[in-house]
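Sequence order for the protein chains is A and B. For the first sequence, the tail end lands on 164 under numbering that gives the first Met the number 0, and the numbers increase by one without skipping. For the second sequence, the tail end lands on 117 under numbering that gives the first Met the number 0, and the numbers increase by one without skipping. Every residue, glycine too, gets a C-beta built ideally from N, C-alpha and C. Being a predicted model, the structure only gives us computed values, none of them experimental.
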Amino acid sequence: MPKPAEVALPSDREVRVTRTFNAPRQLVWDAHTKPELVQEWQGYDGWDMPVCDMDVRVGGKYKWQWRSREEGKQFGFFGTFTEVDGPSKIVHDQYYDPGDMDFAMPAGDPCIVSVELSEQDGVTTLVCNLTFVSKKARDGAVATGMTDGMEHSYARLDDMFKAAA
Amino acid sequence: MQTSERLDLTFAALADPTRRAILARLATGEATVAELAEPFEMSQPAISKHLKVLERAGLISMDVDAQRRPRKLELKRLEEAVDWIERYREIFEQNYQRLDALLEELQAKPSKRKRTGK
């Protein structure tokens with residue numbers, strides 16, 4: 000079982016997620032760039048992905064839409080690929096399309112998403128960097144778009160305290 | 000204070016290992032400045048500097064006992080910070096677990112996944 004994803008805050012405008020996969024880099028690249036594969040894993044519990052259009056080349060556009068199974072409400076992201084260097088790096092801007100959601104996330108400001116892949120001994124390391132226009136945008140993006148049912152857990156506090164010891 | 004300002008103060012406060020250890024100690028119960036300083040072999044003024052940062056972030060408060068003035072942990076603020084980053088991590092982790100399953104499938108039966116270019 001691969002180690003869980005780790006999140007770091009390299010600056011006040013960024014979020015960095017690091018994760019390893021027991022698979023060759025080419026497959027992880029394919030999973031990020033082929034629409035039929037992207038649809039199988041990207042999204043949110045309880046949401047379908049009715050739209051996954053991707054023109055994976057520099058200057059190419061993409062559009063992702065998710066629909067809630069329970070309420071039928073829809074939202075998504077769209078943007079343009081700015082770097083495509085398979086199988087090691089892909090960068091795109093990401094605009095939020097609020098659709099028929101009530102979220103207060105600023106729809107105008109994009110974030111820049113960069114995914115870098117490296118492989119060693121059959122294990123691929125993925126580093127996903129999200130850069131927002133401001134601290135406020137970053138914090139807002141985390142607060143909105145979250146699914147319900149995230150429970151408070153004292154176990155997480157315990158982990159933090161253990162890490163401090 | 001706006002949520003993002005509060006989070007900034009919280010994260011800055013948590014960025015120091017001594018302060019995290021102080022919080023860990025307070026999680027087991029209130030303590031005076033002297034009691035908190037002891038395990039670090041730090042002077043009380045040095046510990047007090049850390050306590051001020053934690054108080055400003057709302058992570059600890061001072062209890063009313065005038066003589067002892069013990070500090071106690073304010074869980075709600077801490078939960079807010081942990082939850083914020085944890086929610087983010089969980090969304091990614093849920094996606095990546097689905098990706099794990101897909102990658103396993105792709106490696107098991109490559110022939111079934113042949114697709115024409117689109």
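Contact belief for residue i with residue j at Cβ below 8 Å, rounded distance in angstroms
| i | j | result |
| --- | --- | --- |
| MET48 (chain A) | GLN64 (chain A) | 7 Å |
| THR32 (chain A) | ILE89 (chain A) | 7 Å |
| SER87 (chain A) | LEU125 (chain A) | Wrong, their Cβ atoms sit about 11 Å apart, outside the cutoff. |
| THR17 (chain A) | VAL122 (chain A) | Contact flag wrong, Cβ pair sits at about 13 Å. |
For residue i, the three-state DSSP class (helix, strand or coil)
| i | result |
| --- | --- |
| LEU125 (chain A) | strand |
| THR143 (chain A) | In this prediction, THR143 (chain A) has a pLDDT of 49, which is less than 50 and means its spatial position is unreliable; nothing more can be read from the coordinates. |
| SER42 (chain B) | coil |
| GLN38 (chain A) | helix |
| GLN73 (chain A) | strand |
| SER133 (chain A) | coil |
| VAL63 (chain B) | coil |
| LYS51 (chain B) | helix |
| LYS75 (chain B) | helix |
| ALA30 (chain B) | strand |
| LEU116 (chain A) | strand |
| ALA7 (chain A) | strand |
| ARG5 (chain B) | helix |
| ARG24 (chain A) | helix |
| PRO16 (chain B) | helix |
Cα-Cα separation, residue i to residue j
| i | j | result |
| --- | --- | --- |
| PHE91 (chain B) | GLY28 (chain B) | 35 Å |
| GLN66 (chain B) | LEU53 (chain B) | 21 Å |
| LEU13 (chain B) | ARG19 (chain B) | 6 Å |
| LEU105 (chain B) | GLY57 (chain B) | 49 Å |
| VAL50 (chain A) | ARG56 (chain A) | 19 Å |
| LEU98 (chain B) | TRP46 (chain A) | 16 Å |
| LYS4 (chain B) | SER133 (chain A) | Checking the sequence, you will find Glu at residue 4 (chain B) rather than Lys. Those two C-alpha atoms are separated by around 13 Å. |
| GLU5 (chain A) | PRO38 (chain B) | 30 Å |
| ARG68 (chain B) | ALA7 (chain A) | 36 Å |
| ARG70 (chain B) | LEU25 (chain B) | 8 Å |
| GLY59 (chain A) | PHE80 (chain A) | 6 Å |
| TYR130 (chain B) | SER113 (chain A) | Since the first residue of chain B shown is 0 and the last is 117, residue 130 (chain B) is not available in this structure. |
| LYS51 (chain B) | GLU89 (chain B) | 32 Å |
| GLU13 (chain A) | THR130 (chain A) | 5 Å |
Bridge partner(s) assigned by DSSP for residue i
| i | result |
| --- | --- |
| ILE90 (chain B) | According to DSSP, ILE90 (chain B) bridges with nothing at all. |
| VAL83 (chain A) | A:ILE89 |
| MET53 (chain A) | A:TYR61 |
| ARG66 (chain A) | A:ASP47, A:GLN73 |
| ASP96 (chain A) | A:GLY75 |
| PHE10 (chain B) | DSSP lists no partner for PHE10 (chain B). |
| GLU13 (chain A) | A:THR130 |
| ILE111 (chain A) | A:ASP92, A:THR130 |
| THR19 (chain A) | A:THR124 |
| ARG70 (chain B) | B:ALA30, B:MET61 |
Buried versus exposed call for residue i [16 or more other C-beta atoms within 10 Å across all chains shown]
| i | result |
| --- | --- |
| GLU85 (chain B) | buried |
| PRO44 (chain B) | exposed |
| ASP62 (chain B) | exposed |
| GLY78 (chain A) | buried |
| ALA68 (chain A) | Before going further, note that residue 68 (chain A) is Arg rather than Ala in the sequence given. Exposed. |
| ASP64 (chain B) | exposed |
| PRO16 (chain B) | exposed |
| ALA107 (chain B) | exposed |
| GLU204 (chain A) | Here chain A covers residues 0 to 164 and nothing more, so residue 204 (chain A) does not appear. |
| THR115 (chain B) | For THR115 (chain B), the pLDDT reaches just 47, beneath the cut-off of 50, and the residue's location in the model is therefore unreliable, leaving the point undetermined. |
| PRO109 (chain A) | buried |
| ALA36 (chain B) | buried |
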